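For the protein sequence lines, the chains are A and B, in the order given. Residue 282 in the numbering used here sits at position 282 of the first sequence; the count goes up by one each step and never skips. So the mapping is simple: the numbering used here equals the position in the second sequence, first residue as 1, plus 637. Beta carbons are placed, not taken as given, at the ideal position from N, Cα and C, and that holds for glycine. These numbers were taken from a predicted model, which means no experiment stands behind them. A quick write-up on the structure given underneath.
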Amino acid sequence: MEVELLEIRQHMSRFPPFESLSDDLLDALAGQVEVGYFKAGTDILVLDQELHELCYIRSGAVEVYRRNGDLYNRLGEGDIFGHFSLLRNHRVRFPARALEDTLIYFIPEPLFHKLCEADEHFADFVELGRPRMAAAVEQHKQANDMMITRVRKLLTRYPVMIEAATTVQQAARQIGEAQASAALVLDAPDNNPRYTFTDSQDRPWKVCGILTDSDFRTRVVAEGLSPDTPVGELLGERLITIQSDESVHEAMLCMLRNNIHHLPVLHRRRPVGIVHLSDIIRYETHSSLYLVSNIFHQSSAEGLAKLAPDVRAAFVRMVEDGANSQMVGSALSTIGRSFTRRLLELAEEELGPPPVPYCFMVNGSMARNEQSIVTDQDHALVLSDDFDAKRHDAYFLALAERVSDGLDACGYPYCKGEVMATNAKWRQPLSVWKRYFNDWIDNPTPERLLHSSIFFDLDSNYGEEAYVEQLQDLVAKKAPGSPLFLAAMARNALNRTPPLGFFRTFVMEKDGKQNNSINLKRRGTAPMVDLIRVHALACGSQAQNSFERLDAIGNTQLLAPGAGEKLRYALELIAMARIRHQVIDIQQDRMPDNNIEPENVEDSERHNLKDAFQVLSNAQKFLKYRYPMPARTGRSR
Amino acid sequence: MLSHRLSPARSLPDWPAYLAARADRVSSPELARYFAASCPTPDTPIDEAPLVALDLETTGLDARRHDIVSIGLVPFTLGRIRWAERRYWVVRPSRPLSSESITFHRITHSEIAEAPDLATVLPELLEAMAGRLAVVHFRHIERPFLDEAARSRLGEELRFPVIDTMSLEARRHRLSLWARFRRWMRRPPVSIRLSDSRARYGLPAYQGHHALLDALATAELLQAQIATHYRSQATIGELWS
Chain A
1 MEVELLEIRQ HMSRFPPFES LSDDLLDALA GQVEVGYFKA GTDILVLDQE
51 LHELCYIRSG AVEVYRRNGD LYNRLGEGDI FGHFSLLRNH RVRFPARALE
101 DTLIYFIPEP LFHKLCEADE HFADFVELGR PRMAAAVEQH KQANDMMITR
151 VRKLLTRYPV MIEAATTVQQ AARQIGEAQA SAALVLDAPD NNPRYTFTDS
201 QDRPWKVCGI LTDSDFRTRV VAEGLSPDTP VGELLGERLI TIQSDESVHE
251 AMLCMLRNNI HHLPVLHRRR PVGIVHLSDI IRYETHSSLY LVSNIFHQSS
301 AEGLAKLAPD VRAAFVRMVE DGANSQMVGS ALSTIGRSFT RRLLELAEEE
351 LGPPPVPYCF MVNGSMARNE QSIVTDQDHA LVLSDDFDAK RHDAYFLALA
401 ERVSDGLDAC GYPYCKGEVM ATNAKWRQPL SVWKRYFNDW IDNPTPERLL
451 HSSIFFDLDS NYGEEAYVEQ LQDLVAKKAP GSPLFLAAMA RNALNRTPPL
501 GFFRTFVMEK DGKQNNSINL KRRGTAPMVD LIRVHALACG SQAQNSFERL
551 DAIGNTQLLA PGAGEKLRYA LELIAMARIR HQVIDIQQDR MPDNNIEPEN
601 VEDSERHNLK DAFQVLSNAQ KFLKYRYPMP ARTGRSR
Chain B
638 MLSHRLSPAR SLPDWPAYLA ARADRVSSPE LARYFAASCP TPDTPIDEAP
688 LVALDLETTG LDARRHDIVS IGLVPFTLGR IRWAERRYWV VRPSRPLSSE
738 SITFHRITHS EIAEAPDLAT VLPELLEAMA GRLAVVHFRH IERPFLDEAA
788 RSRLGEELRF PVIDTMSLEA RRHRLSLWAR FRRWMRRPPV SIRLSDSRAR
838 YGLPAYQGHH ALLDALATAE LLQAQIATHY RSQATIGELW S
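Here it is as structure tokens:
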């Protein structure tokens, strides 16, 4: 390669979508750019000008505008612009202006098309919107399909290795000093190549066996062997090993089958570690399945509270194993529901059986099966219509308090909006609940619905499921024919809007303001969930989970073809970004929260999130248009 | 502009007239073609002038004692640098190369051993420069070395107009009232070296000392200087030397 191209090539290869290009394409690129300098404040691309080049920011910063003058994006070093025009009619649709003194590399159109043809990743990247987001989500899914945890992941150190001629006493000392519980015994290689390998000094060795703590007990002490016995004489006949890329599950089966507690792990023929059964048990206890069964084995609220750290561990483990947001959301909801259910069982054991039947209803994210690791408790009691407040309410209040206090101790803080069964308003017989829902739907105003929209995510958790099902039926039947209600819900769904994207270490707002962090729940998942709920209500769906709601919406003509898919990808991307950043918080010993700081957002994630925010923003515009507020309720602001 | 009035009165040749006169009299056909292509007239606005950024790597600073090692050039205009049309030659110096200058220029002995003599390169170089106004950073290298090259290989002198980005920097930072005030205050003078000058305009740092990369860096610097300090209609007569 020509030396003078190095400078340009190295710079471009650091940024998407050039980072994945082959060396040949990168060379071609670095040799064919044209260069231009733009003083801060000068136009780079003017609306409707003809364009036959892709623009790459070598240094400086650029602002891109919409036709109407609204800020569309703020771009920095390594970003590209102009590709929309190249892919369409070669007229500039988004004018660009230098925000700082800027050096632009112009990539000629023929080369741009060549890159699109030759590199799928490049093509996906420059085709805005669905394809890029879809690619990101699919990629994650693929990684997830291969989600077997390999046994090498459990290894924390290289094995202790000793020569066969070493005496038992020396070996015991060596193992003790290394604070290990086993060592591999090596000897000169023989004709059998199976366990031979060469060490870092190029010396050939043969692994002839494993020596464990228990061998010293059962073979040396119990049989009264001399401390000078060479360890080679203690070894069993058969060495059982496993390859480092086998699954943890396979390692466990291998140990059970052979009744051994130590298992040497080889990479091809080279020993890389020893796993102990306790490593596997420790690993398995971080699985959510184990956690749920553990919840139901607790006999007190205190015992349950002690499991709170395990919830976090299970959460981290799931994400590291490559789970998607739906899997994480539903596992955490299952865990939360299990806590709730166990607390109810324990409370009933203490307080005696309930005087009238009841259903413990959950709301919000738990009802949607979309719980995250940062969540408060939202629940209510739907009681039998035989409920008589004077005689029965004391029991249900006590029940509600135990659950609510217990959940708080388990890491689900009290709901600030008092959406809890301890609140008398939300501890009512079924007939009253029906009245509530009828009233919300028949006499809606955005203000009234602001605090009750959480009840439109509802599911039974324990008790008479039929009560909550009746409420779900009522909502599904009534909502589609109530335009005023839908308009009010839609209005509220527009209260929170996404940002424009990221610029360097800032979050960019639509008015050009820059912030240091962004609350991904408030500005991303929550408004997305809100708008999906409105469409789901409009089509009479009983589904509670946002992805299932999107399925139901997809069976109607409510959204334009493809719009539902876009929403699905956008929700998944934003939810996963939030989840990943919570894992980072936990791993760095911080309280997980819903904020992400732009400096922790990788390039590819930035681009994906920007696309997802755009999808959300467009969907909000459509929502406003689709569910207009009828003119006669002119009371709204 | 203040700095202009303070710049010393310079008596510049009438470049188009000089080039035309040389074209008539010169005997080497290569030089004749170069001179005949002339250069833009002094009243040409800089944003319409065809330019060529030029950089030589040499074994030293004295054109009579030292040799050219490599030549890089990039055609450009104020709006666009035509990087794809860049040209680059390594030439064999007449005296052996010291190992210091080898590491400095990142050119190896074998590259030099296979390189042609300047005589072979000169016609191509002159053709690439023809009709374009040369832009260099520090004219006291490029001009004397190419003049010496023409004298020794073609037997005749070679003089040509250049825009020197270093002297444009000097007009602001060495000759201005502010610069004289700084000097009076015994403050160190502002550096007008290529990389330091570039940094003042927010241009990226390039790993220098490759003739082509320095030519590119010089072209970018001129674009930045004009965008910052001049009207795009400034004439090349105000800028060249």
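Between Ser-675 of chain B and the rest of its own chain, which residues show a CB-CB distance below 8 Å, the 5 nearest in sequence each way excluded? As a working note, residue 675 of chain B is residue 38 in the second sequence. The answer, listed in chain order, is Pro-653, Leu-656, Ala-657, Ala-660, Gly-768.
At the 7 Å Cβ level, is Gly-36 of chain A part of the contact set with chain B, yes or no? The sequence position of residue 36 of chain A within the first sequence is 36, counting from 1. By the rule that beta-carbons nearer than 7 Å mark a contact, Gly-36 of chain A touches chain B.
In DSSP terms, what His-379 of chain A is bridged to: Mapped onto the first sequence, residue 379 of chain A falls at position 379. When DSSP reads this structure, His-379 of chain A sits in a beta bridge with A:Val-362.
Can you pull the chain B neighbours of Gly-31 of chain A, defined as C-beta to C-beta under 7 Å? Residue 31 of chain A sits at position 31 when you count from the first residue of the first sequence. Within 7 Å Cβ-Cβ: Ala-721.
With distances taken from CA atoms, which of A:Leu-256, A:Gly-273, A:Asp-321, A:Asp-124 is nearest Ser-651 of chain A? The structure shown does not extend to residue 651 of chain A, since chain A is modelled only from 1 to 637, so the question has no answer here.
By the criterion of Cβ-Cβ separation under 9 Å, what are the contact partners of Asp-101 of chain A in chain B? Counted from its first residue, the first sequence places residue 101 of chain A at position 101. When 9 Å is used as the limit between beta carbons, Asp-101 of chain A is near these residues of chain B: Tyr-838, Gly-839, Leu-840, Ala-861, Ala-864, Thr-865, in chain order.
Rounded to whole angstroms, what is the Cα-Cα separation between His-276 of chain A and Ala-347 of chain A? The count along the first sequence starts at 1 and reaches residue 276 of chain A at position 276. The count along the first sequence starts at 1 and reaches residue 347 of chain A at position 347. Approximately 40 Å, taken between the alpha carbons.
Could you name the residues of the same chain whose beta carbon sits closer than 7 Å to that of Arg-342 of chain A, not counting the 5 residues immediately before and after it, in chain order? Locating residue 342 of chain A in the first sequence gives position 342, where the first residue counts as 1. Around Arg-342 of chain A: Ile-295, Phe-296, Gln-298, Leu-304.
Which residues in the same chain as Ala-493 of chain A place their Cβ atom closer than 8 Å to its Cβ, once the five residues preceding and following it in sequence are excluded? Residue mapping note: residue 493 of chain A aligns to position 493 of the first sequence, counting from 1. Excluding residues within five positions, the ones whose Cβ falls inside 8 Å are Pro-527, Asp-530, Leu-531, Arg-533, Val-534, Gln-620, Leu-623.
For Leu-688 of chain B versus Phe-672 of chain B, is the C-beta spacing smaller than 7 Å? For this step, residue 688 of chain B is matched to residue 51 along the second sequence. For this step, residue 672 of chain B is matched to residue 35 along the second sequence. No, Cβ-Cβ distance for Leu-688 of chain B and Phe-672 of chain B is not below 7 Å.
For Met-508 of chain A, is the classification buried or exposed, using 16 other Cβ atoms within 10 angstroms of its Cβ as the cut-off for buried? As a position in the first sequence, residue 508 of chain A is number 508, starting the count at 1. Label assigned to Met-508 of chain A: buried.
Can you tell me whether Met-361 of chain A is buried or exposed? The criterion is at least 16 other CB atoms within 10 Å of its CB, across all chains shown. As a first step, residue 361 of chain A must be located in the first sequence, where it is residue number 361. Note on Met-361 of chain A: 16 or more other CB atoms within 10 angstroms of its CB, so buried under the neighbour-count rule.
Arg-835 of chain B: buried (16+ other C-beta within 10 angstroms of its C-beta) or exposed? Indexing the second sequence from 1 puts residue 835 of chain B at position 198. Buried, since its Cβ has 16 or more Cβ neighbours within 10 Å.
Along the chain, where does the alpha helix (DSSP H) that runs through Lys-624 of chain A open and close? Along the first sequence, one-based indexing puts residue 624 of chain A at 624. Where Lys-624 of chain A is concerned, the enclosing alpha helix (DSSP H) stretches over 603-626.
Please list, in chain order, the chain B residues whose beta carbon lies closer than 7 Å to that of Lys-114 of chain A. Mapped onto the first sequence, residue 114 of chain A falls at position 114. Chain order gives no chain B residues near Lys-114 of chain A, where near means a beta carbon separation below 7 Å; the closest approach is about 14 Å.
Where does Ser-878 of chain B sit, in a helix, a strand or coil, going by DSSP? Start at 1 with the first residue of the second sequence, and residue 878 of chain B comes out as number 241. DSSP places Ser-878 of chain B in coil when its eight states are reduced to three.
Using CA atoms only, rank isn't needed, just tell me which of A:Gln-371, A:Gly-411, A:Tyr-625 is closest to Ala-301 of chain A. Residue numbering aside, residue 301 of chain A sits at position 301 when the first sequence is read from its first letter. Of A:Gln-371, A:Gly-411, A:Tyr-625, the residue nearest in Cα terms is A:Gly-411.
With DSSP as the reference, please indicate the residues paired to Thr-102 of chain A in a beta bridge. As a first step, residue 102 of chain A must be located in the first sequence, where it is residue number 102. According to DSSP, which records beta bridges pairwise, Thr-102 of chain A is partnered with A:Phe-38.
I'd like the span of the beta strand (DSSP E) that includes Phe-639 of chain A, first residue to last. This structure cannot settle anything about residue 639 of chain A, because the visible part of chain A is limited to 1 through 637.
Compute the beta-carbon to beta-carbon distance between Ile-873 of chain B and Ala-686 of chain B, rounded to the nearest angstrom, for a pair I have assumed lies under 8 Å. Here residue 873 of chain B corresponds to residue number 236 of the second sequence, with the count starting at 1. Here residue 686 of chain B corresponds to residue number 49 of the second sequence, with the count starting at 1. Sure, about 5 Å apart at Cβ, within 8 Å.
Three CB pairs or more closer than 8 Å across the stretch 382-390 of chain A and the stretch 477-496 of chain A: Judged by Cβ distances under 8 Å, the stretch 382-390 of chain A makes no contact with the stretch 477-496 of chain A, as fewer than three pairs qualify.
Using Cβ-Cβ distances below 7 Å, what residues of the stretch 2-15 of chain A are close to chain B? Along the stretch 2-15 of chain A, the positions whose C-beta sits under 7 Å from a C-beta of chain B are Val-3, Glu-4, Glu-7, read in chain order.
Tell me which same chain residues have a C-beta within less than 6 Å of the C-beta of Tyr-627 of chain A, skipping the five on either side of it? Here residue 627 of chain A refers to the residue found at position 627 when the first sequence is read from its first residue. Once the five neighbours on either side are set aside, the close Cβ partners of Tyr-627 of chain A are Leu-486, Ala-487, Ala-490.
Measuring only the C-alpha atoms, how far is Leu-407 of chain A from Leu-399 of chain A? Indexing the first sequence from 1 puts residue 407 of chain A at position 407. Indexing the first sequence from 1 puts residue 399 of chain A at position 399. Spanning the two alpha carbons is a distance of roughly 12 Å.
Do we get a CB-CB distance below 7 Å when we pair Ser-20 of chain A with the residues of chain B? Taking the first sequence and counting its residues from 1, the one referred to as residue 20 of chain A is at position 20. The beta-carbon of Ser-20 of chain A is placed no less than 7 Å from the nearest beta-carbon of chain B.
Name the one or two DSSP bridge partners that Phe-94 of chain A has. Numbered from 1 along the first sequence, position 94 holds the residue referred to as residue 94 of chain A. Under the DSSP definition of a beta bridge, Phe-94 of chain A lacks any partner.
For Val-663 of chain B, which three-state DSSP category applies? Here residue 663 of chain B refers to the residue found at position 26 of the second sequence. Secondary structure at Val-663 of chain B: coil, using DSSP grouped into helix, strand and coil.
Quick one: is His-847 of chain B near chain A, going by C-beta distance under 7 Å? If you number the second sequence from 1, residue 847 of chain B lands on position 210. So yes, His-847 of chain B belongs to the interface.
Check whether the Cβ of Lys-513 of chain A lies closer than 7 Å to any Cβ atom in chain B. On the first sequence, residue 513 of chain A is found 513 positions in, with the first residue counted as 1. It does not; no Cβ of chain B falls within 7 Å.
Looking at C-alpha atoms only, which residue of A:Gly-481, A:Asp-439, A:Cys-359, A:Ser-247 is the closest neighbour of Glu-465 of chain A? As a working mapping, residue 465 of chain A is identified with position 465 in the first sequence. Per the Cα distances, A:Cys-359.
For the stretch 203-217 of chain A against the stretch 154-171 of chain A, are there 3 or more C-beta pairs whose distance is under 8 Å? Result yes; three or more Cβ-Cβ pairs closer than 8 Å.
Reduced DSSP secondary structure (H/G/I, E/B, other) of Gln-298 of chain A: If you number the first sequence from 1, residue 298 of chain A lands on position 298. Correct three-state label for Gln-298 of chain A: coil.
Does Glu-53 of chain A come out as helix, strand or coil in the three-state DSSP assignment? Residue 53 of chain A sits at position 53 when you count from the first residue of the first sequence. Correct three-state label for Glu-53 of chain A: strand.
With which residues is His-262 of chain A paired in a DSSP beta bridge? Here residue 262 of chain A refers to the residue found at position 262 when the first sequence is read from its first residue. Paired residues: A:His-276.
Please classify Ile-281 of chain A as buried or exposed, where buried requires at least 16 neighbouring CB atoms within 10 angstroms. Counting from 1 along the first sequence, the entry for residue 281 of chain A is found at position 281. Exposed: under 16 other Cβ atoms inside 10 Å.
One or two residues paired with His-267 of chain A in a DSSP bridge: Translated into positions along the first sequence, residue 267 of chain A becomes position 267. Bridge partners of His-267 of chain A: A:Arg-270.
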